[in-house]
Each structure stands twice: as structure tokens, then as C-alpha cells.
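J.:
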Amino acid sequence: MKTQTSIAVSLVVFNIAILLLFGIGIYFFLNEYSYVDFYKRLETRATIGAKYNLKIDTANAETFKKIREQHLEKLEAEREYIINVNANTSLEEAAEKYKVPLSLLKSIMKDNKGRYQEGNVFYNGIKLNHNNITYLVIVSAHNRFVSHHLIFLRNILLWGLLFTVVVTVYLSIYFSKHFFDPIREMIEKVKQISTENIHLRVKETENNNEISELAGTFNDLLNRIETAFETQKNFISNASHELATPLTAIMGEAEVALIKERKPEEYQHVLNNVLQQAERLNQITKSLLFLAQTGYKGKKIVFEVLRLDEVIWEVKRLIDRLNPENKIMVDLSLLPEDPKKLKINGNKQLLHLALANILNNACKYSHNKPVAVHIGASQEQVLLFIKDQGIGIPESEIPFIYDPFFRASNTHLFEGYGIGLPLSRNIIKLHNGTLTVTSKVGSGTSVQINFPLAKLIK
């Protein structure tokens, strides 16, 4: 069953149930009240009738009679019975004589009053003692309210229920249909979107409702998917180029060497060129493999408690051996007094790789100008700031610096594959850290890295 039909059926069923309960409640309580009220009216007539028929209040007897005639409506088939009861009176004979129910007479004799219903005829009677004589005063009448008014009310409720059901069915179908119009439009639009036209978007309304929020959320998802597709295209294009270049060089060298027989030193030269290109190809392949592994969180990585300042010094010593001309300067002025605030949970080899990539880039793109490294700490994080004086990154290209194989437009004079920074960010993310890069062309690049403190800190 479609959601639209389900909503319409649910509304109809719930409305019918509520109306039925409401109508039954009204009918039940009014029916009960009609019986109580009618017996009360009969009892009032019996009391007034006794006062002027038996002359109980001689001075006011005629007054009571006028009040009843002028102010109390005549009930349908109303009758009065005044029965003289003494020790010799047989209730069975009185009931037969006056055509009244025997059980009513017994109830009045026992409780001094009584009531009885026989079909649509209602009886109410009282027992009075006047001048040492016992009288049973009974009034009977047809309850027109029950026989006419309640039936009329029942018919109104039934017709009202039928009318309400028809209106509810119509309105439920109408509103559920129009309520789902935006969703149907969204479905039709989504069906048109594919990888060929992923730029298309679902129409967003200005109404601040769930449908508008759903459309906005879906468009945000499409934006992320489109970005991922573009990144994948760039990755494939760049990776193909980076892998094809050394392969082409290797095949070219081999083909040239095989054209004719050459001297041993010429073969050595060719093999050296092949070896260099093979090493480059091997480096690219390893970088790609490492990048894929760091992006896959299912792999188990062993963490231990490390001091970040010690890791920095170890990375600096490594870079000093590889690039003796570097000018990396570690600033210790921001170190916290408590050494525990420098401890993080991490994997030493991965952190070495990430920080070495960032520092090497800082040295390379600044032509070995001074690179400042500051280490600090807050209550919950260890902070690392790296500032170089290099060529900087164009502002429009900063959003793409984490794409594999992407290289800024002003780096064509520098060797590299565009894998180091994405790899470093993946490693930092594995350590629940954050990497933020800000840069300006000609003014250098700043990198801020935040790591959460080790869990042993209380």
C-alpha cells in the first residue's frame, strides 16, 4: 500500500472511530439523563397531585392544582392513580383493578416510593399517610423524549456520521495527494539524475518544512557525490599520467637499446636510466598503496603513548641526514610546564611519515629558507604549528590540495607526485587529529595540526 493511500485510510478510520465514540457517548449519557429526568417529573406530578386530590394542604390545594394545569405540560397518555390501602386491601386486587404493575405497588409499600417501566409507559408512585389512611399516589405517562427525541437524535448522529465520513474520505484523499506532490516531483527529478548529468539538483522551496529540508539534504549529498566523482576523475587522470611517464621512459630506453648491438658502457647507461624510472615507478606505487591503506580504517594499527616533542626531534634528525641544508627551527617557548600535556596516543612510524612529508614540503617549496615549528598544548589537545617562507598556494587551489596527485599551478619547477599531503592528512585523521592549511602566494604556508591528549591524562 502506498504511503498516500495509507495516510488517507488511517485518517478515515481514526475519524470514524472518534465520531462513533463521541456519538455513542452523547447518545448514552442523554438516554440515561432522559430516564432520570422523566422519573423526576413523574414524581413531582405525583407529589403535587396528592396535595390537591387528598386535600393535604387545604389552604393551597387549589393553588397547587392551578400551578400544575398552567405551568406543567401535559405528558403524553398521562394518568393518575390514587389507591386507598388498608389492612384488608389486596395488592393483587388493586393492581388488577387499576391496571398497574403489582411489583410497583409492592415497591411503594416497602420503600414509600417506587418506579417502573413497561415498554414506553413509565410509572412513578409515592406512599402518603393522611388522616390515618394510607394512600398510594401513582402517575404514569409515555416518555415522548425517548420515543421521539432520542430517535431523532440517533438519526441526526447517524446522518452526521455518514456525511462526515464522506467529507473525511474526500479531504483525506485530496490533502494526501497534494501533500505528496513535492515528493513525487522530487522522485521524478531524482530519476533524471545520473553520472552524466550529476550537476542537476532537486528544487528547493522557501518553506521551512520537512520537504524543503529533505530537498536541501539531498542536494548536499549530490554536491558531495559530484565532488567525489570529480576527485576520482582527477585521480585517475593524474595517476595514469604519473604511472605512464616512467613506463614510457622504460619502454623507450629498452626499445632504443634493442635496435642494434651496443657497447657495454652504453648498455650500462640504458640500464641506469631504466633503474631510475623503475625506482620512480616503485615510489609512486608504494605511495599509492600507503595512501589506500591509511584511508581504510578496517586495518588494525597499533597505538602507544608518545610525546609529540620527541617525535618532532626524531623527524628533524631524519631530515637533517637527508637534507643537510634545511633550516628547520623548533620553538620550545610554548611548551607546557606539565610534560603529560605533550603525550598523545599514536603510531610512531605513521607519525614520522606524516610529519616528515609536511616538513619536507616546507623546506622544498621555500628553497630551504627557515621553517618555524612551534609546539604547544591546551587543556584537551597538543598543538603543532609549522610556518615556512615558501612560494605559497593560490587561494583558489587550496580546496584541492588534499586530492591525490593534485599539485598547485606554481609548483612545476619542483619534483613531486602530489601524494604527500593527502597521505599526511589521512594519517592525522587516523589519530583523531585535524590538519588545517592556510597560505598566500609569495608569503609562505602555515600548517596547524591538533592531536587529542592521551587518554591517560586525568
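All you need for my numbering is the position in the sequence shown, starting with 1, plus 118. Each residue gets a CB set at the ideal place from its N, CA and C atoms; glycine is no exception. Bear in mind that the values here come from a model prediction, so they are computed numbers and not experimental data.
Could you check where the beta strand (DSSP E) with GLU422 kicks off and where it finishes?
T.: Where GLU422 is concerned, the enclosing beta strand (DSSP E) stretches over 422-425.
J.: Write down the C-beta distance between LEU139 and SER290 rounded to the nearest angstrom, noting that I regard them as a contact closer than 8 Å.
T.: Rounded, the Cβ-Cβ distance is 19 Å, inconsistent with contact.
J.: Using the Cα positions of TYR385 and LEU399, report the straight-line distance between them to the nearest angstrom.
T.: Those two C-alpha atoms are separated by around 21 Å.
J.: Helix, strand or coil for LYS228? Go by DSSP, reduced to three states.
T.: Correct three-state label for LYS228: helix.
J.: In chain order, what residues of the same chain lie with their CB nearer than 8 Å to the CB of TYR253, ignoring the 5 residues before and after it?
T.: Cβ within range, chain order: ALA168, LEU172, ILE200, ILE201, ASN202, VAL203, LYS245, LEU246 and ASN247.
J.: Helix, strand or coil: how does DSSP classify TYR199 here?
T.: TYR199 falls in the strand class under three-state DSSP.
J.: Have a look at LEU275 and TYR216 and give me their C-alpha separation to the nearest angstrom.
T.: Roughly 40 Å between the two C-alpha positions.
J.: Which one or two residues does DSSP pair with LYS505 in a beta bridge?
T.: Its beta-bridge partners are ALA490 and SER564.
J.: ALA396: which of GLU373, VAL388 and LEU365 sits nearest, CA to CA?
T.: Looking at the Cα atoms, LEU365 is the closest of the given residues.
J.: In terms of residues, what are the limits of the alpha helix (DSSP H) holding ASP449?
T.: Not the alpha helix (DSSP H): ASP449 falls in the beta strand (DSSP E), residues 446-449.
J.: Look at PHE240 and ASN261 and say whether their C-beta atoms are less than 9 Å apart.
T.: A contact, by the Cβ cut-off of 9 Å.
J.: Looking at GLU513: is its Cβ nearer than 9 Å to the Cβ of VAL559?
T.: Yes, these two residues count as a Cβ contact at 9 Å.
J.: If distances are taken between C-alpha atoms only, which option among PHE532, LEU531 and VAL555 comes closest to SER542?
T.: For the residues PHE532, LEU531 and VAL555, the minimum Cα distance to SER542 belongs to VAL555.
J.: State the DSSP-derived secondary structure class of GLN235, mapped to helix, strand or coil.
T.: GLN235 falls in the strand class under three-state DSSP.
J.: Mind reading off the beta-carbon distance from VAL283 to ILE144? Whole number of angstroms is fine, and I expect it under 8 Å.
T.: The pair is not a contact, with the Cβ atoms about 17 Å apart (cut-off 8 Å).
J.: Could you check whether the stretch 427-443 touches the stretch 516-529, counting it as contact only if at least three pairs of C-beta atoms, one from each stretch, sit closer than 8 Å?
T.: Touching, no, given that fewer than three Cβ pairs across the two stretches are closer than 8 Å.
J.: Could you check whether PRO517 and ILE537 sit closer than 9 Å to each other, using their CB atoms as the reference points?
T.: It is not a contact, given that the beta carbons lie outside the stated cut-off.
J.: When the Cα of ASP456 is compared with those of GLU515, PHE421, PHE503 and GLY494, which residue comes out closest?
T.: Looking at the Cα atoms, GLY494 is the closest of the given residues.
J.: Which residue from ASN475, ASN206 and TRP277 puts its Cα closest to that of ILE251?
T.: Of the candidates ASN475, ASN206 and TRP277, the one whose C-alpha sits nearest the C-alpha of ILE251 is ASN206.
J.: In whole angstroms, what separates the C-alpha of TYR520 from that of LEU539?
T.: Those two C-alpha atoms are separated by around 6 Å.
J.: Would you kindly work out how many angstroms separate the C-alpha atoms of GLN497 and ALA472, rounded to a whole number?
T.: Rounded to whole angstroms, GLN497 to ALA472 spans 24 Å at the Cα level.
J.: From which residue to which residue does the beta strand (DSSP E) around VAL257 run?
T.: Segment 251-260, the beta strand (DSSP E) holding VAL257.
J.: Out of ARG380, ASN327, LEU160 and ALA212, which one is the CA nearest neighbour of GLU196?
T.: The candidate whose alpha carbon is nearest that of GLU196 is LEU160.
J.: Does LYS245 come out as helix, strand or coil in the three-state DSSP assignment?
T.: Three-state result, LYS245: strand.
J.: Who are the Cβ neighbours of ASN475 in its own chain at under 6 Å, not counting the five residues just before and after it?
T.: Excluding sequence neighbours, ASN475 sits near GLY538 and SER542.
J.: Looking at the structure shown, is ILE519 part of a helix, part of a strand, or coil, going by DSSP?
T.: Correct three-state label for ILE519: coil.
J.: Tell me whether the beta-carbon of ALA333 lies closer than 9 Å to the beta-carbon of GLU344.
T.: Against a cut-off of 9 Å, the Cβ pair of GLU344 and ALA333 comes out as no contact.
J.: Considering only residues of the same chain and omitting the five flanking positions on each side of HIS317, which have a CB-CB separation below 8 Å?
T.: Around HIS317: GLU344.
J.: Apart from the five residues just before and just after PRO300, which ones in its own chain have a Cβ nearer than 6 Å to its Cβ?
T.: Answer for PRO300: ILE329, listed in chain order.
J.: Rounded to a whole number of angstroms, what is the C-alpha to C-alpha distance between GLN394 and VAL388?
T.: Roughly 10 Å between the two C-alpha positions.
J.: One question on the structure: do ASN273 and ILE256 come within less than 9 Å of each other, judged by their Cβ atoms?
T.: The answer is no: Cβ separation not under 9 Å.
J.: Which residue from LYS487, HIS549, ASN463 and GLN467 puts its Cα closest to that of MET447?
T.: The candidate whose alpha carbon is nearest that of MET447 is LYS487.
J.: Only counting the same chain, and skipping five residues up and downstream in sequence, which positions put a Cβ closer than 6 Å to that of HIS492?
T.: Excluding sequence neighbours, HIS492 sits near ASP449, LEU452 and PHE503.
J.: Measuring straight from C-alpha to C-alpha, what distance separates LYS224 and ALA126?
T.: Roughly 59 Å between the two C-alpha positions.
J.: If VAL500 and LEU548 are in contact, beta carbons under 8 Å, what's the gap, nearest whole angstrom?
T.: With 8 Å as the limit, VAL500 and LEU548 do not qualify as a contact, their Cβ atoms being about 16 Å apart.
J.: With a 10 Å radius around its C-beta and 16 neighbouring C-beta atoms as the bar for buried, classify LEU280 as buried or exposed.
T.: Counting Cβ neighbours within 10 Å, LEU280 comes out exposed, since fewer than 16 surround it.
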